[in-house]
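Written below as structure tokens is the structure these notes are about.
In this note's numbering, the protein residues as written are 474 to 575.
The structure is reproduced here in structure tokens:
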């Protein structure tokens, strides 16, 4: 069986970090650029997994579904990044839970 690749679609900083590890990556600045990359992957048979940055993933849900239908051997997953908005932390609730009181 031929070797298959991991692809990253994200902001330039994230892509460059993955490229240092030998991963094929496509830096994009917005969802429209990412759509173009997803479309270009539809006919590729050497791709196993595509990581799409968290900040783009939800906006590209329809395009991701189209890619997975066109090429069922590709798995697309959400990639958390530093730019992803964090969730607020309820410190009091977490402290009470850690103490066994919540």
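Where a beta carbon is used, it is the ideal one built from N, C-alpha and C, also for glycine.
Through-space distance from residue j to residue i, alpha-carbon basis
i, j, result
"residue 540", "residue 548", "9 angstroms"
"residue 520", "residue 496", "11 angstroms"
"residue 525", "residue 500", "11 angstroms"
"residue 483", "residue 522", "14 angstroms"
"residue 477", "residue 494", "16 angstroms"
"residue 660", "residue 504", "Summary: the structure shown does not reach residue 660, with the chain confined to residues 474 through 575, and so no result is reported for it."
Pair within 9 angstroms by beta-carbon distance, residue i and residue j
i, j, result
"residue 502", "residue 489", "no"
"residue 527", "residue 552", "yes"
"residue 531", "residue 508", "no"
"residue 514", "residue 480", "yes"
"residue 487", "residue 570", "no"
Run of the beta strand (DSSP E) containing residue i, from where it starts to where it stops
i, result
"residue 523", "520–526"
"residue 497", "497–500"
"residue 480", "478–483"
"residue 550", "548–552"
Extent of the continuous alpha helix (DSSP H) run through residue i
i, result
"residue 540", "534–543"
Residue-level contact to chain C via CB, residue i, 9 angstroms cutoff
i, result
"residue 506", "Note that chain C does not occur in the displayed structure, where there is just one protein chain."
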